[in-house]
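Asks: Note that the numbering used here has the sequence shown beginning at 790, numbered continuously upward.
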Amino acid sequence: MVRQSLLALTITSALLGCNSDSAGTSSDVTAPDSKFTEVRAHWAANYIGDASLPFDDQLTQATANISRNAAQWMQQFQSSRTNVNAGLWLDLPLATATEQDKKQLGDQLYKSYQRLFTMAQAYQLPKSDLYQSVELLDVITEGLAILNQHFYKVGVEEWGNWWHWQLGISRVANNILVLMYQELPASLVTNYIDAIEYFVPNPTHLSEGAGASASSMPRPFESTGANRVQNVQVVLVRALLANDQDAFQTAVDALEPVITFVESGDGFYSDGSFIQHTDIPYNGSYGNELLEGLGLLLGTIASAPWNEQTEQYSAIYSLLLEAYAPFLVDGRMMDMVNGRAVSRLSGQNHKIGHAVLNSMLFFIESAPSNVKKQLQSVIKTNIENDTFLDFYANPRFFRNQQLARQLADDTTVNMLTDRRQHKQFPAMDRIVHHRPDWSFAIAMHSNRVGNYECINGENLKGWYSADGVTYLYNQQLDHYTNYWPVVDPYHLAGTTTIDSSRENCSGQLRGDGKRQDQIQWSGGTSLDQYGIAGFDFTNWDDTLSAKKSWFMFDEQIVALGSNVTNPAALTNLENRKIIASAQVKANGISVEPAASFEGDLERLDITVDGQNNPISYLLLKPQTATVTKACRSGNYNTIGTNNAAVNACFTQAELKHDSSDQYQYVLFPNSTKSVVDREAIAPSIHVLSNSENVHAVEHTQLKLVGLNFWQPGQAGAVEAFSPMSMLYRTNSDKSLTVSISNPTRSSLSVKFKFDDTYITKGDLENRITTNNDGSFTIDLTDLQGRSYQFALIKEQ
790 MVRQSLLALT ITSALLGCNS DSAGTSSDVT APDSKFTEVR AHWAANYIGD
840 ASLPFDDQLT QATANISRNA AQWMQQFQSS RTNVNAGLWL DLPLATATEQ
890 DKKQLGDQLY KSYQRLFTMA QAYQLPKSDL YQSVELLDVI TEGLAILNQH
940 FYKVGVEEWG NWWHWQLGIS RVANNILVLM YQELPASLVT NYIDAIEYFV
990 PNPTHLSEGA GASASSMPRP FESTGANRVQ NVQVVLVRAL LANDQDAFQT
1040 AVDALEPVIT FVESGDGFYS DGSFIQHTDI PYNGSYGNEL LEGLGLLLGT
1090 IASAPWNEQT EQYSAIYSLL LEAYAPFLVD GRMMDMVNGR AVSRLSGQNH
1140 KIGHAVLNSM LFFIESAPSN VKKQLQSVIK TNIENDTFLD FYANPRFFRN
1190 QQLARQLADD TTVNMLTDRR QHKQFPAMDR IVHHRPDWSF AIAMHSNRVG
1240 NYECINGENL KGWYSADGVT YLYNQQLDHY TNYWPVVDPY HLAGTTTIDS
1290 SRENCSGQLR GDGKRQDQIQ WSGGTSLDQY GIAGFDFTNW DDTLSAKKSW
1340 FMFDEQIVAL GSNVTNPAAL TNLENRKIIA SAQVKANGIS VEPAASFEGD
1390 LERLDITVDG QNNPISYLLL KPQTATVTKA CRSGNYNTIG TNNAAVNACF
1440 TQAELKHDSS DQYQYVLFPN STKSVVDREA IAPSIHVLSN SENVHAVEHT
1490 QLKLVGLNFW QPGQAGAVEA FSPMSMLYRT NSDKSLTVSI SNPTRSSLSV
1540 KFKFDDTYIT KGDLENRITT NNDGSFTIDL TDLQGRSYQF ALIKEQ
């Protein structure tokens, strides 16, 4: 990584301030050390900008907003210390009289420190109306002193949520002290250093402080994933404040395991999955907290004159492209990796997407050349293509905003215009399939991965969000924004469900409780830019099971289902948010709020705001269905802790299983009417099998055949002797390119045979054994559900 020495000089001058030569300031905490001054300046630049880079209109506006808020809070500040429980501001009381007061204290303190941080920004931003205001400095100093004297100090108990005390307040307090380092009394800085060390003594464990015994996590535990990054951040910035090189290095050493791949539990997996809370996919929210923290920390570590080596963190660069970029679509981070954050106003997909892009910006200067251009294109494309929410409107890190502007103006960085990618994440049962004008995704669960998380009053109705839910991202950029408070949560697209009422948070199937051990077959295989997925599904209370498959091509997604065991079940073809004027046609007949469709469905077309072609569904076998169109209201307080009303219109299509335990349909995300019409008349899609043994589809134009074997069986030209997923292409020389996996992970190998006799043409990892009967055994040891690709050619 590149050291920002010029940046340090420019920011240092800003941080010296008008009182920098006063007696008793924090430069006396330890002997002055210019090398720590440089590193603190690097940290501060994230929040007040880099004087060597342009300061755009949005940053100027953000500075004005910060200044305006700081002025308001300065005016409302309660300076009297006679009733500290009234708080620094009357709307943030710091009461401790009741048990409920105590539970809320950590959150109230955290919010109070956040206000003081905004005021510290206003003090140090040169374009702020309050730049170096003596009155503001007095308020900040007094506020910090009151909170330290009475609440956030050595010896207190951590009432309520442990996170606020250990990772929330500690990080915000650190940031305030870095920004105000030259302005605050040395004794106050020392008191905070001691307090922060009391709450978080070490960079590898949490709840080690004596006060943690009163918190929601009363026993010490080792931090992992995003928590480890925040844990390290607390200790590392504290070391900067204390001019403590040994503590700094201890924090650095604790960071390395975060980027080391894991095989179970929290952290990154080699396939790009990121798990938090034992078994919940979280690349978007917790994963971004980790990425953001890493970005902040690695840049700071590299800026330290005594710390030249950062090679051990090089793995993060490939993860940016493998674990984050696949889930970004035009500024949106896919909801299926955002966990319970979808139930928050602040957790909507554009907002999390922008947060991830902001985090990626930390790495573009230091990324190796083989990654840098790709990373720059990913960031630029997502920022420029998001016409729904302006990336620049709400700067989170000032210097990153400056880097983003620089990137946008760089004509050597190309936009991504022909995105064709298929990627599977078997460690978290997620699949993404990208095409230039749409993206498709599937969320599943298994005996390895939890179905959903509902804690802290959030994601109350996430019951079916990993039951084979399918997501379609297209030019309707607002589709999944404010979606979850108002969508019918019982009928999510792609799922097969039973209409029965559920209690909030019911049926969580997770590793820290009851997991759905019956689901072993969840996953699929990929071949270049194509892929297939399968889900041998059993529902949360064991009243329904079904075998479900998806075959993902260039213009079409083919969905098969069989062995639906409950005749009361519905397969939810679609649950699309639409504009009120959108046209919905079932078998060519318009569906209106007062005129729903009921009958044998052959085709469904839905016009899309911002897209020329409709979303079309073609039923390969007509099936009894209901299609409705309706507008309704909802509120975030029905799914989480926010209170905000939302309105939206939807079209829902549900296939019934009272007379059929199967379904088979083709989704056309963005195809012309003529393309869909031609497929109905002269299909390129042929269903080879939709049975209890195997789901198989052939795409004749692409010369692809996909097969999900639930158990030994035969379909088309393939016989399988064990469960497996296979996708193969017939090439012009009559050879076969084959990709294969074992989603069940029940054995270390799979065995199959073609009708004709083939020999091995390509086997890069020497995993193939040819048997005497002409069959092949593929060694899948260590692949953990991932695909293995090889080539066969017909024996002459």
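By construction, the Cβ of each residue, glycine as well, lies at the ideal position given by its N, Cα and C atoms.
1. Let me check understanding here. Comparing Cα to Cα, which of D1552, I1220 and N854 lies closest to A1182?
2. Candidates S1092, S1228 and I1582: which alpha carbon is nearest E827's?
3. Would you check if the stretch 1428-1443 and the stretch 1461-1477 touch, i.e. whether three or more CB-CB distances between them fall below 8 Å?
4. Identify the residues that DSSP records as bridge partners of Q1453: which are they?
5. What is the rounded straight-line gap between the Cα of R1291 and the Cα of D1330?
6. Could you check the C-alpha separation between R1027 and N1020 for me, to the nearest Å?
7. Counting Cβ pairs, one atom from each stretch, are 3 or more of them under 8 Å apart for the stretch 1261-1281 and the stretch 1489-1503?
8. Ignoring anything shorter than 4 residues, give me the alpha helix (DSSP H) runs that lie fully in the stretch 1027-1060, in order along the chain.
9. Any idea what DSSP makes of A812, helix, strand or coil?
10. What residue does the beta strand (DSSP E) around V1527 start on, and which one ends it?
11. Between the Cα of S1076 and those of N1560, V1131, N1127 and I1404, spot the shortest distance and give me the residue it belongs to.
12. Secondary structure at H767, three-state DSSP: helix, strand or coil?
13. Taking only the alpha-carbon atoms, compute the straight-line gap between L914 and A1193 and give it to the nearest angstrom.
14. Considering T979, what are the terminal residues of the alpha helix (DSSP H) in which it resides?
15. My output table needs one value for K824: the three-state DSSP class, helix, strand or coil.
16. Could you check if L1537 is buried or exposed, using at least 16 other CB atoms within 10 Å of its CB as the buried criterion?
17. Let me know the secondary structure DSSP gives I1321 once reduced to three states.
18. Around the Cβ of C1243, are there at least 16 other Cβ atoms within 10 angstroms (buried) or fewer (exposed)?
19. Please classify M1233 as buried or exposed, where buried requires at least 16 neighbouring CB atoms within 10 angstroms.
20. Start and end of the alpha helix (DSSP H) containing Y1547?
21. So, with DSSP's three-state summary, where would you put E947?
22. In this structure, how does DSSP classify H1446 when only helix, strand and coil are distinguished?
23. Look up V1416 in the DSSP assignment and say whether it is helix, strand or coil.
24. Taking the alpha-carbon of S856 as reference, which of P882, L919, L1249 and P1403 has the nearest alpha-carbon?
25. Using only alpha-carbon positions, find the residue among I1367, L1393, F1180 and G944 that is nearest to A851.
26. So H1211 packs on Y1319, CB below 8 Å; how close in whole Å?
27. Quick one: what does DSSP say F1187 is sitting in, helix, strand or coil?
28. Per DSSP, what are the beta-bridge partners of C1438 in this structure?
29. Quick one: measure Cβ to Cβ for M1217 and I1064, integer angstroms, because I've assumed they're closer than 8 Å.
30. Candidates L1110, Y1241, G1000 and V1486: which alpha carbon is nearest G949's?
31. Report the three-state DSSP secondary structure of V1023 (helix, strand or coil).
32. Classify E1554 as helix, strand or coil using the three-state DSSP reduction.
33. With DSSP as the reference, label E1100 as helix, strand or coil.
34. Candidates G1574, L1164, R1304 and G1056: which alpha carbon is nearest L1146's?
35. First and last residue of the beta strand (DSSP E) that includes T1354?
36. Just the C-alpha distance for D839 and S996, rounded to the nearest angstrom, thanks.
Replies: For this structure:
1. N854
2. S1092
3. no
4. L1349
5. 11 Å
6. 11 Å
7. no
8. 1034-1044
9. The predicted position of A812 is uncertain, since its pLDDT is 36 and thus under 50; a value taken from the coordinates is nonetheless stated next. Three-state result, A812: coil.
10. L1525 to S1530
11. It should be noted that the sequence gives Gly, not Ser, for residue 1076. Looking at the Cα atoms, N1127 is the closest of the given residues.
12. Summary: the structure shown does not reach residue 767, with the chain confined to residues 790 through 1585, and so no result is reported for it.
13. 19 Å
14. A975 to F988
15. helix
16. exposed
17. strand
18. buried
19. buried
20. Here Y1547 belongs to no alpha helix (DSSP H); instead the beta strand (DSSP E) covers Y1547 to G1551.
21. coil
22. coil
23. strand
24. L919
25. F1180
26. 6 Å
27. helix
28. I1367 and C1420
29. 6 Å
30. G1000
31. helix
32. coil
33. helix
34. L1164
35. From DSSP, T1354 is part of no beta strand (DSSP E); its letter is neither H nor E.
36. 36 Å
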